[in-house]
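Here is the structure we will look at, set down as structure tokens.
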Amino acid sequence: MRGREDEWTGLMRSAMAGDDAAYHRLLRAVTPVLRAAARRGLARAGQPPDQAEDIVQEILLAVHLKRHTWDSEAPFAPWLFAIARNKLIDALRRRGRRVFVNIDDFAETLPGEAPQETASAGEVATHLNTLPQRQRDVLQSIAVESASIKDTAAKFSMSEGAVRVALHRGLAALTAKLRDH
Amino acid sequence: MDTDQLIRSLAADNAHRVPRVGAVLTMALLVAAPLSILIFATFLGVRPDVMSAMRNPFFDMKFAVTLSLAIPAIIISLHLSRPEALMRGWGWLLLLPVGLLAVAIGSEAMMAPAMPMTMRMMGKNSRVCLFAIPAMSLPLLAGALFGLRHGAPSRPALAGALAGLVSAGLAATLYASHCTDDSPLFVATWYTIATALVTAIGAVVGSKVLRY
Numbered sequence: 016m017r018g019r020e021d022e023w024t025g026l027m028r029s030a031m032a033g034d035d036a037a038y039h040r041l042l043r044a045v046t047p048v049l050r051a052a053a054r055r056g057l058a059r060a061g062q063p064p065d066q067a068e069d070i071v072q073e074i075l076l077a078v079h080l081k082r083h084t085w086d087s088e089a090p091f092a093p094w095l096f097a098i099a100r101n102k103l104i105d106a107l108r109r110r111g112r113r114v115f116v117n118i119d120d121f122a123e124t125l126p127g128e129a130p131q132e133t134a135s136a137g138e139v140a141t142h143l144n145t146l147p148q149r150q151r152d153v154l155q156s157i158a159v160e161s162a163s164i165k166d167t168a169a170k171f172s173m174s175e176g177a178v179r180v181a182l183h184r185g186l187a188a189l190t191a192k193l194r195d196h
Numbered sequence: 005m006d007t008d009q010l011i012r013s014l015a016a017d018n019a020h021r022v023p024r025v026g027a028v029l030t031m032a033l034l035v036a037a038p039l040s041i042l043i044f045a046t047f048l049g050v051r052p053d054v055m056s057a058m059r060n061p062f063f064d065m066k067f068a069v070t071l072s073l074a075i076p077a078i079i080i081s082l083h084l085s086r087p088e089a090l091m092r093g094w095g096w097l098l099l100l101p102v103g104l105l106a107v108a109i110g111s112e113a114m115m116a117p118a119m120p121m122t123m124r125m126m127g128k129n130s131r132v133c134l135f136a137i138p139a140m141s142l143p144l145l146a147g148a149l150f151g152l153r154h155g156a157p158s159r160p161a162l163a164g165a166l167a168g169l170v171s172a173g174l175a176a177t178l179y180a181s182h183c184t185d186d187s188p189l190f191v192a193t194w195y196t197i198a199t200a201l202v203t204a205i206g207a208v209v210g211s212k213v214l215r216y
């Protein structure tokens with residue numbers, strides 16, 4: 016457990032220093048842990064586990080948009096689990112349950128969980144359709160078609176800077192819609 | 005959109021950088037402060053006998069009390085803007101103004117004051133105090149909440165209450181230079197009521213706007 020969390024902290028430090036690949040690896044590494052915790056939280060609240068992926072995506076968006084509140088001198092895992100816990104509580108509350116979420120839900124992963132599993136979720140996809148055209152196009156291109164910023168810029172005859180702005184605004188707008196819906 | 009796709013888009017946005025919460029909070033307070041100062045200059049102003057008042061330690065004590073509220077409140081609110089932060093170990097900072105007031109009240113009592121206790125406590129400006137501190141707080145409160153929105157507090161109502169303490173502490177510092185009631189008993193009564201009001205507003209608004 017220690018080793019894994021030290022690895023996360025190292026990856027996050029690299030990510031904050033500008034290493035996009037480290038950031039990508041970190042997000043993929045934490046996702047199975049978040050997913051398992053979301054399922055456990057849903058199960059404890061008597062909710063079907065199929066909503067776990069919505070919660071995972073909401074946590075990932077919050078982690079992304081609030082990563083400047085992480086202190087690079089501090090370990091990453093407590094920060095991550097605090098955000099995850101807040102988001103899980105919010106999500107369960109929106110679904111009409113007040114539940115106590117145990118922080119330990121996040122500290123342990125069940126053995127045998129497939130680390131590379133990915134799943135689609137409904138909420139982000141729904142809100143994606145309500146974004147302004149340009150943001151939606153850019154997000155689709157980068158996320159779904161896995162085009163680079165450069166290729167996306169060429170495809171839509173935009174500058175790379177404009178693509179970056181549209182990408183960030185799109186992600187921020189998705190987060191706001193998830194929070195307020 | 006599946007989660008791997010979302011992660012890809014987040015990684016592509018990694019280069020996007022935003023300033024730290026402390027920088028945003030500082031900017032927001034600096035933008036809000038002129039509005040509070042405008043309210044102060046328009047309706048209140050510095051008391052005319054300020055030069056002689058400065059020789060009275062109880063006049064100076066008011067600023068020590070209000071700043072010992074505002075500055076720790078800023079420090080704690082920045083601490084709480086981190087999601088994993090706990091109040092534990094930090095709350096005692098908020099006892100600083102309380103301790104200062106207790107010492108001041110004790111000293112005044114030992115100095116055989118000219119006026120009876122109830123008169124010192126009631127003062128002449130209690131009503132102005134109750135309006136002026138909250139009114140001057142509101143721009144600063146909006147600024148503090150705007151700044152803290154940039155953070156990720158796990159307890160939005162608590163963070164909002166701290167924003168209330170920040171703004172009330174700063175507004176009370178302005179007000180202290182206007183008010184001719186220098187007795188620590190007056191400060192302990194009316195400044196506290198005004199501060200509690202602003203803190204409650206901060207907590208209520210914060211519980212809505214500081215969710216992330």
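Protein sequence lines, in the order shown, are assigned to chains X and V. Its first residue numbered 16, the first sequence is counted upward by one per residue in this note's numbering. Its first residue numbered 5, the second sequence is counted upward by one per residue in this note's numbering. Where is the CB? At the ideal position from N, CA and C, for every residue including glycine. Note that the structure is predicted; figures quoted are calculated from it, not measured.
**Residue environment, R131 (chain V), which counts as buried when at least 16 other CB atoms sit within 10 Å** = By one-based count along the second sequence, residue 131 (chain V) stands at place 127. Exposed, since its Cβ has fewer than 16 Cβ neighbours within 10 Å.
**Prompt:** Do you know offhand how far D8 (chain V)'s Cα is from P64 (chain X)'s?
**Reply:** One-based indexing of the second sequence puts residue 8 (chain V) at position 4. One-based indexing of the first sequence puts residue 64 (chain X) at position 49. So the two alpha carbons sit approximately 19 Å from each other.
**Request:** Examine chain V for any beta-carbon lying closer than 8 Å to the beta-carbon of I164 (chain X), and answer yes or no.
**Result:** Residue mapping note: residue 164 (chain X) aligns to position 149 of the first sequence, counting from 1. Yes, I164 (chain X) lies at the interface with chain V (some Cβ there is under 8 Å from its Cβ).
**Asked** With C-beta atoms as the reference, is G151 (chain V) less than 8 Å away from F190 (chain V)?
**Response** Taking the second sequence and counting its residues from 1, the one referred to as residue 151 (chain V) is at position 147. Taking the second sequence and counting its residues from 1, the one referred to as residue 190 (chain V) is at position 186. Cβ atoms of G151 (chain V) and F190 (chain V): not closer than 8 Å.
**Asked** Quick one, are the C-beta atoms of T193 (chain V) and A172 (chain V) less than 8 Å apart?
**Response** For the purposes of this step, residue 193 (chain V) is identified with residue 189 of the second sequence, where counting begins at 1. For the purposes of this step, residue 172 (chain V) is identified with residue 168 of the second sequence, where counting begins at 1. In this structure, A172 (chain V) does not lie closer than 8 Å to T193 (chain V) by Cβ.
**Asked** Near L205 (chain X), what residues of its chain come up, given a Cβ to Cβ distance below 8 Å and the 5 sequence neighbours on each side ignored?
**Response** Any question about residue 205 (chain X) goes unanswered here, given that chain X covers just 16 to 196.
**Asked** With burial defined as no fewer than 16 other Cβ atoms inside 10 Å of the residue's Cβ, what is the status of W87 (chain X): buried or exposed?
**Response** For the purposes of this step, residue 87 (chain X) is taken as residue 72 along the first sequence, with counting starting at 1. The residue asked about is misnamed: residue 87 (chain X) is Ser in this sequence, not Trp. With fewer than 16 other Cβ atoms within 10 Å, it is exposed.
**Request:** Tell whether a beta-carbon distance below 8 Å holds between L144 (chain V) and V209 (chain V).
**Result:** For the purposes of this step, residue 144 (chain V) is taken as the residue at position 140 of the second sequence. For the purposes of this step, residue 209 (chain V) is taken as the residue at position 205 of the second sequence. Contact flag unset, no.
**Contacts of R12 (chain V) in chain X (Cβ-Cβ under 8 Å)** = One-based indexing of the second sequence puts residue 12 (chain V) at position 8. H39, I157, A158, S161, listed in chain order.
**Request:** Out of V:I197, V:G110, V:E88, V:L73, state which residue places its alpha-carbon closest to the alpha-carbon of R159 (chain V).
**Result:** Mapped onto the second sequence, residue 159 (chain V) falls at position 155. The shortest Cα separation from R159 (chain V) among V:I197, V:G110, V:E88, V:L73 belongs to V:E88.
**Request:** Would you mind reading off the limits of the alpha helix (DSSP H) that contains I164 (chain X)?
**Result:** Translated into positions along the first sequence, residue 164 (chain X) becomes position 149. Element bounds for I164 (chain X): 164-170.
**Message:** Check for me: the alpha helix (DSSP H) holding G25 (chain X) runs from which residue to which?
**Reply:** Here residue 25 (chain X) refers to the residue found at position 10 of the first sequence. 17-31 is the extent of the alpha helix (DSSP H) around G25 (chain X).
**Prompt:** When Cβ atoms are compared, which residues of the segment 58-69 of chain X fall closer than 8 Å to chain V?
**Reply:** E68
**Prompt:** What residues in the segment 104-126 of chain V have a beta carbon less than 7 Å from any beta carbon of chain X?
**Reply:** none
**Request:** Return the chain-ordered list of same chain residues with a C-beta closer than 7 Å to the C-beta of N129 (chain V), the five sequence neighbours on each side being excluded.
**Result:** The sequence position of residue 129 (chain V) within the second sequence is 125, counting from 1. Counting only Cβ-Cβ distances below 7 Å, and skipping sequence neighbours, we find C183, T184, D185.
**Prompt:** Does DSSP classify S187 (chain V) as helix, strand or coil?
**Reply:** Counting from one through the second sequence, the residue named residue 187 (chain V) turns up at place 183. In this structure, S187 (chain V) counts as coil in the three-state DSSP scheme.
**Message:** Strictly below 8 Å CB to CB, what residues from chain V border P93 (chain X)?
**Reply:** Reading the first sequence from its first residue, position 78 is the one you call residue 93 (chain X). Chain V residues near P93 (chain X): E88.
**Prompt:** Is it buried or exposed for L76 (chain X), if we count other Cβ within 10 angstroms and need 16 for buried?
**Reply:** Here the question's residue 76 (chain X) lines up with position 61 in the first sequence. Buried, because 16 or more other Cβ atoms sit within 10 Å of the Cβ of L76 (chain X).
**Asked** How many whole angstroms separate the CB atoms of L253 (chain V) and I78 (chain V), which I take to be in contact at a CB cut-off of 8 Å?
**Response** Nothing about residue 253 (chain V) can be read from this structure; chain V reaches only from 5 to 216.
**Request:** Please decide whether T7 (chain V) counts as near chain X, where near means a Cβ-Cβ distance under 8 Å.
**Result:** As a working note, residue 7 (chain V) is residue 3 in the second sequence. Yes, its Cβ sits closer than 8 Å to a Cβ of chain X.
**Asked** Which residues, taken in chain order from the segment 35-65 of chain V, show a beta carbon closer than 8 Å to some beta carbon of chain X?
**Response** none
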